[in-house]
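Structure first, commentary second.
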Amino acid sequence: MNGLKFFLAMASLCMVGFIGLPKDKEELKLSEHSIIPKPLEVTEGEGVFTFKEGTGYQLIGEADDLNYALDFFKDFAQKSMGIKLDQKENGKIQISMDDSRAAESYELNINPNGIKVTAADGQGLFYAFQTIRQLLPADAEKGRGNGFSIPAGKINDKPEYEYRGVMLDVSRHFFPVEDVKSLIDQVAKYKVNKLHLHLSDDQGWRIEIKSWPNLTKIGGSTQVGGGDGGYYTQEDYKDIVAYAASKFITVIPEIDMPGHTNAVLASYGEFNPGVELPETGRVPVDRKALGVDGEDSNASDLYTGIKVGFSTLDTKKEITYEFIEDVIREIAEITPGPYFHIGGDESLVTELEDYKPFIERAQALVTKYGKTSIGWDEIAHADLEEGTIAQFWAKEKNIKLAADQGNKIIMSPSKHIYLDMKYDTTTRIGHTWAGLIEIDQSYNWNPTQLVEGVGKELILGVEAPLWTESVENRDDIEYMVFPRITALAEIGWTPQSLRKFDNYKNRLRTHMKRWDAMGINYYKSPLLEK
Ligand code: TNX
66 MNGLKFFLAM
76 ASLCMVGFIG
86 LPKDKEELKL
96 SEHSIIPKPL
106 EVTEGEGVFT
116 FKEGTGYQLI
126 GEADDLNYAL
136 DFFKDFAQKS
146 MGIKLDQKEN
156 GKIQISMDDS
166 RAAESYELNI
176 NPNGIKVTAA
186 DGQGLFYAFQ
196 TIRQLLPADA
206 EKGRGNGFSI
216 PAGKINDKPE
226 YEYRGVMLDV
236 SRHFFPVEDV
246 KSLIDQVAKY
256 KVNKLHLHLS
266 DDQGWRIEIK
276 SWPNLTKIGG
286 STQVGGGDGG
296 YYTQEDYKDI
306 VAYAASKFIT
316 VIPEIDMPGH
326 TNAVLASYGE
336 FNPGVELPET
346 GRVPVDRKAL
356 GVDGEDSNAS
366 DLYTGIKVGF
376 STLDTKKEIT
386 YEFIEDVIRE
396 IAEITPGPYF
406 HIGGDESLVT
416 ELEDYKPFIE
426 RAQALVTKYG
436 KTSIGWDEIA
446 HADLEEGTIA
456 QFWAKEKNIK
466 LAADQGNKII
476 MSPSKHIYLD
486 MKYDTTTRIG
496 HTWAGLIEID
506 QSYNWNPTQL
516 VEGVGKELIL
526 GVEAPLWTES
536 VENRDDIEYM
546 VFPRITALAE
556 IGWTPQSLRK
566 FDNYKNRLRT
576 HMKRWDAMGI
586 NYYKSPLLEK
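Numbering (the working numbering), first residue to last: 66 to 595.
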């Protein structure tokens with residue numbers, strides 16, 4: 066290389082150093098970081114804090130479930146940064162518990178000498194750590210990276226709504242325990258705190274009920290499109306519930322009734338008032354092959370199609386109520402969370418005069434076993450007990466009925482946050498009946514503006530349901546859930562006044578890198594292309 070060329074090469078290198086390079090992650094100010102959900106208050110500081118071997122932590126105070134939060138972060142520090150985080154005097158991360166703060170809230174004070182974390186409870190501490198995690202480079206998610214620094218400053222954060230949920234339909238297609246745990250891990254990062262499991266529907270019964278074994282033997286034996294189906298033993302379910310609890314997620318079990326019950330009617334003919342199945346998708350029950358003795362001439366065929374609204378339990382028989390009592394009791398016993406979801410949607414072949422008392426009795430049984438009922442918005446036709454919660458999905462009129470009775474609402478507006486809707490016309494799986502749901506459609510809604518007269522004080526929170534008629538495996542789940550679950554998470558956590566789609570969109574771009582690093586199969590929206 067001659068002298069002039071060498072000079073030019075050096076000069077251009079220097080220039081790049083001064084002007085051309087994108088800002089390194091470490092140089093970003095705290096408020097420029099892509100945190101989802103967006104925190105309540107962020108204040109800039111000077112310099113950075115760097116995690117290194119020996120950083121250590123110090124704990125002041127106690128709270129329930131602290132170990133779940135600490136174990137999570139120690140594990141993350143080890144796997145992502147290769148740092149063993151020990152409790153020690155003069156630890157750089159000072160953690161104080163303060164139960165006078167709002168539930169789930171936390172504050173981070175980051176400066177070059179250390180981080181002060183103040184949290185209301187174990188959950189708040191867990192969320193403080195999730196925020197720190199998002200401040201670290203995406204490469205940390207792969208257990209690689211060069212330097213683990215985060216910018217100085219202060220974050221003060223707390224949720225707008227206490228209920229921030231995702232629903233997985235494990236009936237239309239069954240998913241193994243590991244897939245459910247994976248979903249739990251992925252949504253916990255975004256401060257989602259409820260997992261609603263839709264455990265029964267026309268196509269499959271998915272939870273072991275010891276007093277009614279045919280439910281799983283017969284009712285669990287298939288799924289949409291045919292195939293083996295499957296079910297969770299009570300031990301599997303407890304395992305899911307405990308795993309969710311370790312990520313501060315409460316499991317809400319749903320047994321859908323009196324409609325959406327063909328799997329029950331195929332298992333036990335005594336509850337069948339004589340429903341007519343759709344023409345296609347019927348599968349005769351081969352009792353012998355399924356290991357069930359005797360005959361049951363009143364039982365219906367199994368159903369593997371995707372029509373809704375054709376089935377109902379026999380609401381006029383006493384044995385039906387003995388049956389649902391057993392189911393509610395057995396599930397309530399292994400559910401530590403406060404809620405039990407009784408479904409109640411699309412009972413199109415149940416007369417209203419039969420539907421109302423059925424819902425009232427189901428609700429009373431849930432109360433008898435110490436839980437609070439949740440039901441889809443149709444349940445508001447019945448007399449609701451104080452505390453029962455209605456889940457909005459379709460009809461504003463129903464939500465007004467619930468609100469008039471003074472009952473609280475969970476908002477799951479289908480045209481915004483149904484995760485089974487297609488993103489655009491080219492989406493390989495999913496439905497379109499509630500419209501196409503691109504990432505702006507899933508973000509741009511306000512829970513307090515959905516139903517006239519239903520304001521913040523009546524809204525418990527928000528939930529994004531994933532119905533799985535066309536969702537068959539973990540890849541499909543991820544594709545429908547990401548990125549839209551981040552919209553749900555932010556609507557549930559961040560005050561409306563701080564939410565702007567353009568700002569969210571920019572933050573999502575950064576999260577795509579994190580999902581690449583984690584191997585998550587997400588939808589690459591054209592709205593995110595530069
Ligand atoms: C309506 S939403 C249903 C489900 C279906 C879903 C498909 C609701 C309470 N009921 O049974 O799976 O549409 O999008």
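Cβ atoms here follow ideal geometry from the backbone N, Cα and C, with glycine treated the same way.
Exercise. Please confirm whether I550 and V231 have their CB atoms less than 8 Å apart.
Key: yes
Quiz item: Can the beta-carbon of I439 be found closer than 8 Å to that of I475?
Solution: yes
Practice problem: Mind checking who G179 pairs with in its DSSP beta bridge? | Solution: N176
Quiz item: Is W270 near the ligand TNX, with its Cβ less than 7 Å from a heavy atom?
Solution: no
Quiz item: In angstroms, rounded to a whole number, what distance separates the CA positions of A193 and A203?
Solution: 17 Å
Practice problem: Kindly identify the DSSP beta-bridge partner or partners of I474. | Solution: A455, I524
Quiz item: To which residues of the same chain is A468 closer than 8 Å at the C-beta, ignoring the five residues directly before and after it?
Solution: I474, V516, G518, V519, L523
Self-check item: Coarse secondary structure for V357, derived from DSSP in three states
Solution: coil
Quiz item: Would you say Y228 touches the ligand TNX, meaning its beta carbon is less than 7 Å from a heavy atom?
Solution: no
Quiz prompt | Complete runs of the alpha helix (DSSP H) confined to the segment 349-425 [at least 4 residues] | solution = 383-398
Quiz item: Rounded C-beta distance between A142 and N176? I'm assuming under 8 Å.
Solution: 19 Å between Cβ atoms; not a contact.
Quiz item: Shorter than 8 Å from the beta carbon of G374 to some beta carbon of chain B?
Solution: In the structure shown, chain B does not exist; there is a single protein chain.
Practice problem: Using 7 Å as the cut-off, classify the Cβ of V373 as near or not near the heavy atoms of the ligand TNX, replying yes or no. | Solution: yes
Practice problem: Report buried or exposed for P403, applying the criterion of at least 16 other Cβ atoms within 10 angstroms of its Cβ. | Solution: exposed
Quiz prompt | Local Cβ density within 10 Å of P278, reported as buried at 16 or more and exposed below that | solution = exposed
Quiz item: Where W441 and K157 are concerned, what is the direct C-alpha to C-alpha distance, given to the nearest angstrom?
Solution: 48 Å
Quiz item: By Cβ distance, which residues of its chain are closer than 8 Å to G471, with the 5 residues on each side in sequence left out?
Solution: E451
Practice problem: Report all residues from its chain with a CB closer than 7 Å to the CB of D89; omit the five preceding and five following residues, and keep chain order. | Solution: Here D89 scores only 49 on pLDDT, less than 50, and its place in the model is too uncertain to base an answer on.
Practice problem: Could you please give the first and the last residue of the uninterrupted alpha helix (DSSP H) stretch that includes M545? | Solution: 539-546
Quiz item: Applying the criterion that 16 or more other CB atoms from any shown protein chain within 10 Å of the CB defines a buried residue, is Q561 buried or exposed?
Solution: exposed
Quiz item: Regarding E411 and the ligand ATP, is the C-beta to nearest heavy atom distance less than 7 Å?
Solution: The ligand ATP is not among the ligands present in this structure, which contains only the ligand TNX.
Quiz item: Does DSSP put V242 in a helix, a strand or coil?
Solution: helix
Quiz item: What residue range is occupied by the uninterrupted beta strand (DSSP E) comprising A331?
Solution: Element bounds for A331: not the beta strand (DSSP E) but the alpha helix (DSSP H), 327-332.
Quiz prompt | Outcome for K103 when other beta-carbon atoms lying within 10 angstroms are tallied against a minimum of 16 | solution = buried
Quiz item: Given a threshold of 16 other Cβ atoms within 10 Å of its Cβ, counted over all protein chains shown, does K223 qualify as buried or as exposed?
Solution: buried
Self-check item: Identified DSSP bridge partners for H496
Solution: M486
Exercise. Assign Q268 to one of three DSSP states: helix, strand, or coil.
Key: coil
Exercise. Tell me, please, which residues DSSP counts as bridged to T108.
Key: K219
Practice problem: Check whether the Cβ atoms of G526 and G557 lie closer than 8 Å to each other. | Solution: yes
Quiz item: Does DSSP put G557 in a helix, in a strand, or in coil?
Solution: helix
Quiz item: Could you give the C-beta distance for T513 and K521, rounded to a whole number, given that I count them as a contact under 8 Å?
Solution: 5 Å
Self-check item: Cross-strand partners of Y228 (DSSP beta bridge)
Solution: G526
Quiz item: Along the chain, which unbroken stretches of the beta strand (DSSP E) at least 3 residues long are found entirely within the segment 140-179?
Solution: 158-162, 171-176
Exercise. Kindly indicate which three-state DSSP category I125 falls into: helix, strand or coil?
Key: strand
Exercise. State yes or no: is the C-beta of D485 nearer than 7 Å to some heavy atom of the ligand TNX?
Key: yes
Practice problem: Run the CB neighbour count on R209, radius 10 Å, all protein chains shown included, and call it buried at 16 or more, exposed below. | Solution: exposed
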